[in-house]
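Protein chains in written order, with the working numbering: chain A, 1 to 367; chain B, 1001 to 1306. Cβ atoms here follow ideal geometry from the backbone N, Cα and C, with glycine treated the same way. Computed from a prediction, not measured in an experiment: that's the story for all the values here. Reading through the structure tokens given below for one structure.
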């Protein structure tokens, strides 16, 4: 079927993860390009990209529960926090005031995801009982309960204002801190973490794509579109809403446990209301209910500080001062983008990309 | 007993302040089906405007209070016109997230203006009596709290008369019942939306003044107090004004009692609840009530069909 990329001769081909040759080529190209970034980009950008990949994983989690299954959750940041602290307790070093077991990453990484998803399962019965805004409001209460617990469970989190060190990154006995040599190129901890996050990001992304093309994914969409109708055609609401919350929290837990190993420490105040809302905003800016959207959103959100820094630096060379600090500019732009995207492009960055792609696909014809 | 009275008095004053914000929430929700997360931001922006007029510009306090409140109402009106109007008919949650975006915008600009040191509002309340408070039978009452309580009652009475008697009040009730029917009766629904936001902005900025006035001062964290009106609205039911008032009083009293009796409570149940538990208690109550009655205590039940 050469030259007819949109002609599918069987269902299996149509629902394949990468259904066209172009997609396959781009997928491989992007992976190779991302790996090559380790050798090209400076440490600062490597750090930003690492957080971008991990935030993308967490945002995919929110997208599963809010974008695919249509259940509003404003408490996603809390689950990221639970993942972070599970990882920190299992993999971190014990001190006088916090516990830590110094386990291997192969143990604490899955466990922090599982523990978060266990707690996610706990709020699932609420989600079955409530819907729409009321569910959003209950999860808002969860944010405050979560941050209260984080600041007061001092043996696990170090307490408000102090915080604790995160897990040590040791995979199968190999210390990421030691670095790794390929020939005469030395990969340091940050670069190794970058590659590992890239791997986690790819696996989780494929996982999300897999959910969308499976029975579970179709059940989620049915629940999102009309939950009463979905129940009428035999979808078990309790089962699927619970699994959506569990999966979403699993992604959040995995992302959270790795996210703060980049900086090495974490303070309970991080997981406040704004942190949870950030994920909602990323999903909206990226594109709700799409696979690539959260990745776009996360890249946008994480690379924004770097871009602003660069712009401010180049402008300051001309002797111009700013009324707002770079952090505040970041928040203003972020707030503005939420508003602009909701009003003008509800499908987010993914929608823009989709229209661009279709424009070039059909070029020189308009459709 | 004295402590109990003290806690009750403070709780009632808090409840009055919360009910100002809460009524704004409910008005907006009833008129446009929008849950506005921007209300707490409007409250602190109002306080900021008053402070900047009274302290930075040197305008007499009472004039700047009225000016600040009116300006916040105007700001709220502008927000509705520019950001909310294009979103009519969009999913409820998208609009709610949009108001979060507005909240981030407003508060970032305000935080930059506040800076690190707390701002005074220039009100004369701290000068009355003994550093702004009076002691009756061992109960210390702040003049600011007393005036907050009576302002709350006054506003509720004025609003209920407004809704019953005035032309625009009746139009607002008609709009909240059925937008299309209201349009067919010749009511300018767009103007009603604007009016609702204007009133909500005024109420929010009044609450903002009582939250940050006197020795409370305006800081970057003042908005969290205003945000506590949200559980109040949810407890009462999103579409009931009397519910909002009852919810606010419940939240205010809870916060007062838990604040004063937390140590007794801890010895009773034998676990430490942690510092700042009184600020968390409203959310726990909201959590519990939503599970039992998803539409709040006074809210109308939603009937859904396929």
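Item, Value
"Return yes when the Cβ of residue 167 (chain A) is within less than 8 Å of the Cβ of residue 92 (chain A), no when it is not.", "yes"
"Tell me which residue opens and which closes the alpha helix (DSSP H) that residue 33 (chain A) is part of.", "21-40"
"Apply the 10 Å Cβ neighbour rule to residue 361 (chain A) and answer buried if 16 or more other Cβ atoms are within range, or exposed otherwise.", "exposed"
"Alpha carbon to alpha carbon, what distance is there between residue 1175 (chain B) and residue 154 (chain A)?", "51 Å"
"So, does the CB of residue 268 (chain A) fall closer than 8 Å to a CB anywhere in chain B?", "no"
"Please identify, using Cβ separations under 8 Å, the residues of the stretch 103-137 of chain A that lie next to chain B, in order along the chain.", "126, 129, 130, 132, 133, 134, 136 and 137"
"Determine the chain B residues that contact residue 364 (chain A) at a beta-carbon separation under 9 Å, and present them in chain order.", "Those do not exist, as residue 364 (chain A) stays about 33 Å from chain B at its closest Cβ, beyond 9 Å."
"Are three or more beta carbon pairs between the stretch 1277-1287 of chain B and the stretch 1022-1034 of chain B nearer than 8 Å?", "no"
"Indicate whether at least one CB of chain A lies closer than 8 Å to the CB of residue 1096 (chain B).", "yes"
"Can you confirm whether the stretch 1197-1206 of chain B touches the stretch 1103-1119 of chain B when touching is taken to mean that 3 or more C-beta pairs between the two stretches lie within less than 8 Å?", "no"
"When you compare the CB positions of residue 1035 (chain B) and residue 133 (chain A), do they come within less than 8 Å of one another, or not?", "yes"
"Buried or exposed: which applies to residue 313 (chain A), given that a residue is buried once 16 or more other Cβ atoms fall within 10 Å of its Cβ?", "exposed"
"Grab the span of the beta strand (DSSP E) containing residue 186 (chain A) for me, first residue to last.", "185-187"
"How many Å lie between residue 101 (chain A) and residue 1014 (chain B) at the Cα?", "45 Å"
"Anyone know if the C-beta pair for residue 66 (chain A) and residue 282 (chain A) falls short of 8 Å?", "no"
"With a threshold of 8 Å between beta-carbons, can residue 1157 (chain B) be considered close to chain A, or not?", "no"
"List the endpoints of the continuous alpha helix (DSSP H) containing residue 371 (chain A).", "With chain A running from 1 to 367 in the structure shown, residue 371 (chain A) is simply not present."
"Given a limit of 8 Å on CB to CB distance, which residues of the stretch 1032-1054 of chain B reach chain A?", "1035"
"Check whether the Cβ atoms of residue 1247 (chain B) and residue 1235 (chain B) lie closer than 8 Å to each other.", "yes"
"Report back the beta-carbon spacing between residue 216 (chain A) and residue 248 (chain A) to the nearest angstrom; my notes put them in contact at under 8 Å.", "Rounded, the Cβ-Cβ distance is 13 Å, inconsistent with contact."
"Evaluate residue 196 (chain A) with the Cβ neighbour count: other Cβ atoms within 10 Å of its Cβ, from every protein chain shown; 16 or more gives buried, anything less gives exposed.", "buried"
"Spell out whether any CB of chain B is found under 8 Å from the CB atom of residue 4 (chain A).", "no"
"Going by the beta-carbon positions, is the gap between residue 1239 (chain B) and residue 1140 (chain B) smaller than 8 Å?", "no"
"Taking the C-alpha atoms as reference points, what is the distance between residue 239 (chain A) and residue 1050 (chain B)?", "53 Å"
"I'd like to know whether the C-beta of residue 1268 (chain B) is nearer than 8 Å to at least one C-beta of chain A.", "no"
"Taking residue 1070 (chain B) as the reference, give the member of B:1019, B:1149, B:1209 and B:1177 with the closest Cα.", "B:1209"
"What does DSSP give as the partner residues of residue 134 (chain A) in its beta bridges?", "BP columns for residue 134 (chain A) are empty, so no partner."
"Roughly how far, in whole angstroms, is the beta-carbon of residue 1254 (chain B) from the beta-carbon of residue 1285 (chain B), given that I think they are within contact range, below 8 Å?", "6 Å"
"Counting C-beta neighbours from all protein chains within 10 Å, is the total for residue 96 (chain A) 16 or more, i.e. buried, or is it exposed?", "exposed"
"Flag residue 331 (chain A) as yes if its beta-carbon sits less than 8 Å from any beta-carbon of chain B, otherwise no.", "yes"
"Could you give the residue range of the alpha helix (DSSP H) that holds residue 1127 (chain B)?", "Taken as a continuous stretch (DSSP letters only), residue 1127 (chain B) belongs to no alpha helix (DSSP H), as it is neither H nor E."
"Using the Cα positions of residue 406 (chain A) and residue 341 (chain A), report the straight-line distance between them to the nearest angstrom.", "Since the first and last residues shown for chain A are 1 and 367, residue 406 (chain A) lies out of range."
"Based on DSSP bridge pairs, tell me the residues matched to residue 1146 (chain B).", "Residue 1146 (chain B) pairs with nothing; no bridge assigned."
"Of all the CB atoms in chain B, is at least one closer than 8 Å to the CB of residue 346 (chain A)?", "yes"
"Quick check on the DSSP output: the beta strand (DSSP E) that includes residue 181 (chain A) runs from which residue to which?", "180-182"
"What are the residues in the stretch 1191-1223 of chain B lying within 7 Å of chain A by C-beta distance?", "none"
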